[in-house]
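Read the structure below first, then the notes.
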Amino acid sequence: MNQEYIVKIGEIALKGKNRHFFENQMKSNVINRMQNTGASMRGNHGRYFLNPGNADERTVHHILSKTFGVTAFGRVWKTEKTMDRIRKTTLDVVRAIQRETAGRTFKIEARRSDKCFPLNSYEIACDLGALVLSNFPDVKVDVKHPDWTVSVEIRETAIVYGLLNPGPGGLPTGIAGKGILMLSGGIDSPVAGYMMAKRGLKVDAVYFHAYPYTSDEAKHKVITLAHILADFTGSFNLYVIPFTEAQIILKEKARKSELTLLMRACMVVIAGALADREEALCLITGESLSQVASQTLSSIRFTNSMTDLPVFRPLAGMDKEEIIHIARKIDTFETSILPYEDCCTLFAPQHPVVYPDFERMHRSFAALHIDDMLKDTLLRGEVIRINGNRKC
Ligand code: ATP
Ligand code: MG
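Numbering (my numbering), first residue to last: 293 to 684.
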């Protein structure tokens, strides 16, 4: 038996003339992650088949459940195009389904693209339905709301498959260009990166590190988060920018109440320059409207004005609980809540400005005379390649 996987897509199937572009990106994202396995993928029009080469089942599950664009996938059984072989394979598939679910109702979904096959789709479904009923006395047919479905397709060969696993959905990473994710060690920013990658954006990340105010553990926490994210996004660059000098200037020169906001402004200036250098077209942050003083509408208006690039804030309209729910789902939560302090928390004033005046904030920023120094930090940044092919 030759073991393959069927891979299904959602929104890509709705694309018009440039659908091939989306399909090819999804296929190459899967294959790139299956390095050194000899895996290959074929198919089009919303139905793809992955030959996993020498990759084991666990690896295939790990990769397909985290590759954007994939909505569902599952093992397929390939067999000869004779009813005898198809019947035998159908019984194997039902046995495999019953090892995984206690559901009792089923339906057979048959498709015949080879019109020379002697039975039509309806006849195949009736034949196999009767076969399943006679071999498994405790199951019954429910064509409207079955607990499980056995799908049979007659193509160059016959294929049969049962339960499908959910994929992450979305659009294949890379089809939407590149953005720079401002990645701190908190709960929000990894979720923001995940959400934008899910819409097809290739994400590189920047982390502002203020050693020794922030420890090396804080930096390693960010690296760990980046690795978890790379399971979804594929490999990317993490730029670690030295932020201590900026921090010292801010501490010396900034009004205490404006310190956090000016610090954010500095980060946006550097991230914008990095995006220009790396030919990225947007920034992404984990900001959520009104979450803290630096994320009120007037605060965001100010920090937003420090760059010409669009700044995506996919969490803007979400509650913390909703964000945490996604952080748990993508497995970043437990790392994010490790206790290493970020530079922003350490320097946070007790009474930050909540509704800052736009012009006044710009005057405060100009008074820091910090532009050249900020651009200079970019030259001293460290680039860490985050590998998207973690062992699972
Ligand atoms: P997070 O939002 O990262 O989960 P948080 O809510 O404590 O943690 P905030 O202080 O609200 O973080 O920061 C808002 C956003 O600014 C972050 O989501 C992130 O995009 C960006 N940011 C903050 N600190 C840093 C940093 N040290 N390096 C890179 N980006 C940062
Ligand atoms: Mg936040």
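Virtual Cβ for every residue (Gly too), placed ideally from N, Cα, C.
These figures come from a predicted structure and were not determined experimentally.
Chain-order list of residues whose beta-carbon lies under 6 Å from that of residue i (same chain, five-residue window excluded)
{"i": "residue 599", "result": "560 and 564"}
{"i": "residue 293", "result": "Unreliable placement is indicated for residue 293, whose pLDDT of 44 sits below 50; no coordinate value is reported for it."}
{"i": "residue 595", "result": "556, 557 and 560"}
{"i": "residue 617", "result": "none"}
{"i": "residue 581", "result": "608"}
{"i": "residue 334", "result": "341"}
Three-way DSSP call (helix, strand, coil) for residue i in this model
{"i": "residue 451", "result": "strand"}
{"i": "residue 482", "result": "helix"}
{"i": "residue 316", "result": "helix"}
{"i": "residue 363", "result": "strand"}
{"i": "residue 625", "result": "helix"}
{"i": "residue 547", "result": "coil"}
{"i": "residue 514", "result": "helix"}
{"i": "residue 528", "result": "strand"}
{"i": "residue 443", "result": "strand"}
{"i": "residue 308", "result": "coil"}
{"i": "residue 553", "result": "helix"}
{"i": "residue 328", "result": "coil"}
{"i": "residue 401", "result": "strand"}
{"i": "residue 321", "result": "helix"}
{"i": "residue 569", "result": "helix"}
{"i": "residue 491", "result": "strand"}
{"i": "residue 607", "result": "coil"}
{"i": "residue 542", "result": "helix"}
{"i": "residue 599", "result": "coil"}
{"i": "residue 630", "result": "coil"}
Same chain only: Cβ atoms within 7 Å of residue i, ignoring 5 sequence neighbours per side
{"i": "residue 677", "result": "527 and 529"}
{"i": "residue 399", "result": "433, 434, 435, 438 and 441"}
{"i": "residue 364", "result": "300, 456, 457, 458 and 459"}
{"i": "residue 336", "result": "315"}
{"i": "residue 532", "result": "499, 501, 511, 673, 674 and 676"}
Segment limits, beta strand (DSSP E) that includes residue i
{"i": "residue 474", "result": "470-474"}
{"i": "residue 574", "result": "574-576"}
{"i": "residue 297", "result": "295-301"}
{"i": "residue 339", "result": "339-343"}
{"i": "residue 672", "result": "First-last for residue 672: undefined, no H or E at that position."}
{"i": "residue 496", "result": "494-501"}
Same chain, Cβ closer than 8 Å to residue i, neighbours up to 5 away in sequence not counted
{"i": "residue 661", "result": "none"}
{"i": "residue 503", "result": "511, 534 and 536"}
{"i": "residue 571", "result": "470"}
{"i": "residue 585", "result": "552, 553, 591, 644, 645 and 646"}
{"i": "residue 373", "result": "406, 409, 446, 449 and 450"}
{"i": "residue 573", "result": "469, 470, 471, 567, 601 and 602"}
{"i": "residue 665", "result": "537, 538 and 541"}
Residue span of the alpha helix (DSSP H) that contains residue i, given as start and end
{"i": "residue 646", "result": "Careful: residue 646 lies outside any alpha helix (DSSP H) and carries neither H nor E."}
{"i": "residue 414", "result": "413-427"}
{"i": "residue 333", "result": "Element bounds for residue 333: not the alpha helix (DSSP H) but the beta strand (DSSP E), 332-336."}
{"i": "residue 596", "result": "589-596"}
{"i": "residue 685", "result": "The structure shown does not extend to residue 685, since the chain is modelled only from 293 to 684, so the question has no answer here."}
{"i": "residue 352", "result": "349-356"}
Integer-rounded CB distance, given that residue j should sit under 8 Å from residue i
{"i": "residue 498", "j": "residue 578", "result": "Contact flag wrong, Cβ pair sits at about 13 Å."}
{"i": "residue 495", "j": "residue 473", "result": "5 Å"}
Check whether residue i and residue j have beta carbons under 8 Å apart
{"i": "residue 591", "j": "residue 517", "result": "no"}
{"i": "residue 301", "j": "residue 326", "result": "no"}
{"i": "residue 524", "j": "residue 486", "result": "yes"}
{"i": "residue 386", "j": "residue 424", "result": "yes"}
{"i": "residue 397", "j": "residue 433", "result": "yes"}
{"i": "residue 515", "j": "residue 670", "result": "no"}
{"i": "residue 308", "j": "residue 331", "result": "no"}
{"i": "residue 656", "j": "residue 546", "result": "yes"}
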